[in-house]
Amino acid sequence: MAVTIKSQREIDLMRESCKLLAKVHAELEQAIEPGISTLYIDQLGEKLIRGLGCIPNFLHYNGYPASICVSVNDEVVHGIPRAERILKEGDIVSLDCGLIYKGYHSDAARTHGVGRISPEAQKLIDETRNSFFEGIKKARAGNYLYEISNAIDGYISQFGYGIVEALVGHGIGTSLHEDPQIPNYRQRRRGPKLRSGMTLAIEPMINMGQSAVEWLDDDWTVVTVDGTLSAHYENTILVTDGEPEILTLI
Ligand code: MF3
Ligand code: CO
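Just so you know, the sequence shown maps onto residues 4 to 253 in the numbering used here.
Structure (structure tokens):
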């Protein structure tokens, strides 16, 4: 499928969808504290999304059983919320969340510390976020897609972290996942040329150790093979003729 170019009307709807998602993320961040369960985060998130008149797009997506992905420590992405999974001081927790507003999808992820966390964990979170900002600098009309991938990889490589290769970012619009796929690691092929009106979910997933990941028996939860911590940072963005716009930040 070709990469879709959004009309002005669609861009306005994407903007609104993403702004509402940013509010949900801000509220979820406030709720993070030692002692809460990952299921509580999911229930709160679903309530917030529905309270805004929106639909949680992850719920039942390919059979995913919850509205929010809650991934703790060595869990990379797609952690399934559970009542028995209690956050404790020193954990890091990645919240991946999306919603549908008037048919338009938004998608964003953040990793938070629970209480006080180690400086090493905080650095992983910060540099994962920073790598997103390196990538988005290249998200300009006329550039090629691989410039985003190569900028993320070029930045992260200095820390000795592992870039997850098994999962990638994506176009987004009337579907959660549209073309193109957006790898976070170096590409030889330049991929499609970026054009004004493309909306993209750029989402580096970075491991403190090796890049290898595996799936747990629940068929969803992705974990690091070496057991090291992993962080995730994702925003839905708009390519314009000038500066790219980050739609899921308030
Ligand atoms: N946020 C994920 C992504 O970026 C989607 C989660 S898949 C789901 O692609 F099944 F958990 F919803
Ligand atoms: Co995504």
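Virtual Cβ for every residue (Gly too), placed ideally from N, Cα, C.
*Specify whether the region 69–81 and the region 132–150 touch according to this definition: at least 3 beta carbon pairs, one from each stretch, less than 8 Å apart.*
Because the criterion of three Cβ pairs below 8 Å is not met, the region 69–81 and the region 132–150 do not touch.
*Would you check if the distance between the CB atom of Leu-98 and the CB atom of Arg-113 is smaller than 8 Å?*
In the sequence shown, counting from the first residue as 1, residue 98 sits at position 95. In the sequence shown, counting from the first residue as 1, residue 113 sits at position 110. Yes. Within cutoff.
*So does His-235 have its beta carbon nearer than 7 Å to some heavy atom of the ligand CO?*
Within the sequence shown, numbered from 1, the residue matching residue 235 stands at position 232. False, no ligand heavy atom lies under 7 Å from that Cβ.
_I need the straight-line Cα distance from Asn-146 to Glu-246, nearest angstrom please._
To locate residue 146, count along the sequence shown from 1; it is residue 143. To locate residue 246, count along the sequence shown from 1; it is residue 243. The straight-line gap from Cα to Cα measures roughly 12 Å.
*asked:* At a threshold of 7 Å, does His-108 count as lining the ligand CO (C-beta to nearest heavy atom)?
replied: Taking the first residue of the sequence shown as 1, we reach residue 108 at position 105. False, no ligand heavy atom lies under 7 Å from that Cβ.
*Can you grab the Cα-Cα spacing for the pair Ala-5 / Pro-183, in whole Å?*
Along the sequence shown, one-based indexing puts residue 5 at 2. Along the sequence shown, one-based indexing puts residue 183 at 180. The alpha-carbon atoms of Ala-5 and Pro-183 are separated by roughly 8 Å.
*Tell me whether His-115 counts as near the ligand CO, meaning its Cβ is closer than 7 Å to at least one heavy atom of that ligand.*
Start at 1 with the first residue of the sequence shown, and residue 115 comes out as number 112. The answer is no for His-115.
*For Pro-84, I'd like the list of residues in its chain whose CB is within less than 6 Å of its CB, leaving aside the five on either flank, ordered along the chain.*
Working through the sequence shown from its first residue, we reach residue 84 at position 81. Thr-41, Leu-42, Asp-45, Ala-69 and Val-73.
*Any chance the CB of Ala-204 is under 7 Å from a heavy atom of the ligand CO?*
Your numbering for residue 204 matches position 201 in the sequence shown. Indeed, a heavy atom of the ligand CO lies less than 7 Å from the Cβ.
*If you measure from the CB of Gly-82, is any heavy atom of the ligand CO nearer than 7 Å?*
Residue mapping note: residue 82 aligns to position 79 of the sequence shown, counting from 1. No, since every heavy atom of the ligand CO falls outside the 7 Å radius drawn around the Cβ of Gly-82.
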